[in-house]
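Novice: First, the structure itself, so that you have it in front of you.
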Amino acid sequence: MCSTAASAEIEYLEKNRIIDHAAKLGEYAIERLRALKSSHPLIGNIAGVGLHLGIDLVKDRKTKERAVDEAEIIMYKCMEKGLAFKTIEGNIVTLRPALIISKPEMDRAIDILDEVIGEVEAGKHY
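Residue numbers 127 to 252, in this note's numbering, belong to the letters of the sequence shown in order.
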């Protein structure tokens, strides 16, 4: 039964080109996130493959000191606006949306991050 379910899932993914969608949308998201880096000093690095995305938050890009407190504030402020994610290593925002996420939904997630990171950089914590 498990192998039948797995086979059906693989067939669905292939038929609906879900992997291609995830790869294409992931590239788009990485480009948008990299563009945010130029306007947000807290963003140290952007990395990802497909829809497995990471945003490294740092207090200083030269020293690469982790922005752990800021990451936690950003996480909670984003949740208040409808965007949930986890952090790893205390300062890396990880976005792992559903493979069927739409471009407008991805744009909304990135817009929320942009807004909240800006708020935290401006000292608007709580």
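Ideal Cβ placement from N, Cα and C applies to all residues, glycine included.
The structure displayed is predicted, hence computed values, not measured ones.
Three Cβ pairs or more, each shorter than 8 Å: is that satisfied between the region 135-145 and the region 155-168?
Specialist: When Cβ pairs closer than 8 Å are counted between the two stretches, the region 135-145 is seen not to touch the region 155-168, the count staying below three.
Novice: Touching or not, the region 219-235 and the region 176-185, by the rule of three or more beta carbon pairs under 8 Å?
Specialist: yes
Novice: Quick one, which of Ala248, Lys185, Gly244 has its alpha-carbon nearest Gly216's?
Specialist: If you number the sequence shown from 1, residue 216 lands on position 90. Answer by Cα proximity: Lys185.
Novice: Lys203 and Val242 - do their beta-carbons sit closer together than 8 Å?
Specialist: On the sequence shown, position 116 is the one that residue 242 refers to. On the sequence shown, position 77 is the one that residue 203 refers to. Taking 8 Å as the Cβ cut-off, Val242 and Lys203 qualify as a contacting pair.
Novice: Report, in whole angstroms, the separation of the C-beta atoms of Leu183 and Ile169, which I expect to be a contact under 8 Å.
Specialist: Residue mapping note: residue 183 aligns to position 57 of the sequence shown, counting from 1. Residue mapping note: residue 169 aligns to position 43 of the sequence shown, counting from 1. With 8 Å as the limit, Leu183 and Ile169 qualify as a contact, their Cβ atoms being about 7 Å apart.
Novice: Please classify Met255: is it buried, with 16 or more other beta-carbons within 10 angstroms of its beta-carbon, or exposed?
Specialist: The structure shown has nothing for residue 255, since the chain only spans 127 to 252.
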